[in-house]
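This report concerns only the one structure given below.
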Amino acid sequence: MARPRIMPVTYLMLRIKLCVLTLVTLSSPAVSVDGEAVPFSHNLLHQTLQAHVDTKGLVDYEGLQHDPAALDAYVDSLALVSPTSAAQRFRRRADQLAYWINAYNALVLHSVVSAYPIASVADLGGLDGFFDKRLHILGGDSVSLNHIENKIIRPQFRDPRIHFAVNCGAASCPALDRRAYDGGDLEEHLERQTHRFASDPAHLSWQDGALYMSRLLEWYRQDFADTDTSDAALIGFLQPYTPPKLAASIHEHVTPIRFLDYDWKLNVQPRRKGAAE
């Protein structure tokens, strides 16, 4: 996919921001006292998620808009460092993948908060505009969200469970976890997220003799069983992660699949009663 064109002023602003950030951090070398590269930290994102994401994966965007410091600082750190620009800080593949997942999720949050209140990410220039044309700096490179997902995460790591970890800011997206991803326990974290997705009736359920599943699984079905894009292959991937009752229903019946409509409304927490308008 060709890199999206941007206006010169936008590009200039991105480069100026990067230069300023670089100057600010020149006095903070990313090496420990023994000369080893310091692993990249996701603590600031973790703080943000703990403070502003609930157990359902919904976001308090209004609260985050009033308390943006940790997220802003984390996005600034992403602009300076990536596995591409500082490979020595991401020695394990798990560290690299954790970075790209966290970066995607943080940039979605940052983009929404910067424009909130909005009803959907589609309000930010349409879906194409939000995912393809809106640019972000990661490790000195200008990239879109779709570039992160479809040019880096999917082809380089080839792990279908990432679809349950990246969050696009929509109600139908897999739930945004309250923990930042980390290379040290990435395998376990991805397994938990996949179980969480497959256990949520909003994404996967048995109704009236049919298996209803998220449209996400149709869009990316080739990721779940290599070259086999059949319904059976898709079900075969999901079945080990489903609750026992649902797994039994799938096993006992010839299973027609129905894909659910995708809800692009924002994944925002409902307003509390009595909250100020």
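For the sequence shown, the working numbering assigns the number 6 to the initial residue and increments by one for each residue that follows. Just so it is clear, CB atoms sit at the ideal spot from N, CA and C, and this is done for glycine as well.
Looking at the DSSP output, F242 sits in no beta bridge, so it has no partner there. Here Q274 carries a coil assignment [DSSP, helix/strand/coil]. Beta bridge pairing from DSSP links R263 with Y217. Residue range L209 to Q212 is occupied by the beta strand (DSSP E) that includes W211. P261 and Y246 have their alpha carbons spaced roughly 19 Å apart. For I157, no beta strand (DSSP E) encloses it, and the DSSP letter there is neither H nor E. In the three-state reduction of the DSSP assignment, I123 falls in the coil class, being assigned neither a helical nor a strand state. In the three-state reduction of the DSSP assignment, L143 falls in the strand class.
Assignment of A42 by DSSP, reduced to helix, strand and coil, places it in the strand class. In this structure, V171 lies near Y109, with their beta-carbon atoms less than 8 Å apart.
Between S116 and L129, the C-beta gap is smaller than 8 Å, which places the two residues in contact. Between G144 and A185 the beta-carbon gap is near 18 Å, outside 8 Å, which marks them as no contact. Beta bridge pairing from DSSP links A175 with L271. V118 sits close to P73, with the two beta carbons spaced by under 8 Å. In the DSSP annotation of this structure, the continuous segment of the alpha helix (DSSP H) that includes L83 starts and ends at A74 to L85.
Across the structure, L243 and A203 are spaced so that their CA atoms are roughly 7 Å apart. Sequence-distant Cβ neighbours of A75 in its own chain, meaning closer than 6 Å and more than five residues away, are L49, Q52 and T53. Nearest to H200 by C-alpha distance, out of D213, P249 and L216, is P249. Partner residues in the beta bridge of V64, as assigned by DSSP, are V58 and V273. By alpha-carbon distance to L251, the top candidate from Q101, L85, V58 and D205 is D205. For the pair P88 and I157, the Cα-to-Cα distance works out to about 11 Å. Sequence-distant partners of S210 (beyond 5 residues in either direction) whose C-beta falls short of 6 Å from its own C-beta, in its chain, are Y217.
Rounded to whole angstroms, the separation of the alpha carbons of K61 and I123 is 20 Å.
According to the DSSP assignment, H256 belongs to the alpha helix (DSSP H) that extends over P249 to E257. Taking every protein chain shown into account, the CB of E154 has 16 or more other CB atoms within 10 angstroms, so this residue is buried. DSSP lists no beta-bridge partner residue for V117. Counting only residues of its own chain and dropping the five nearest sequence neighbours on each side, Q101 has a CB closer than 7 Å to the CB of P88 and F95. Counted as a single uninterrupted DSSP element, the alpha helix (DSSP H) harbouring A203 occupies residues L191 to A203.
The Cβ-Cβ distance between L69 and V113 does not fall below 8 Å.
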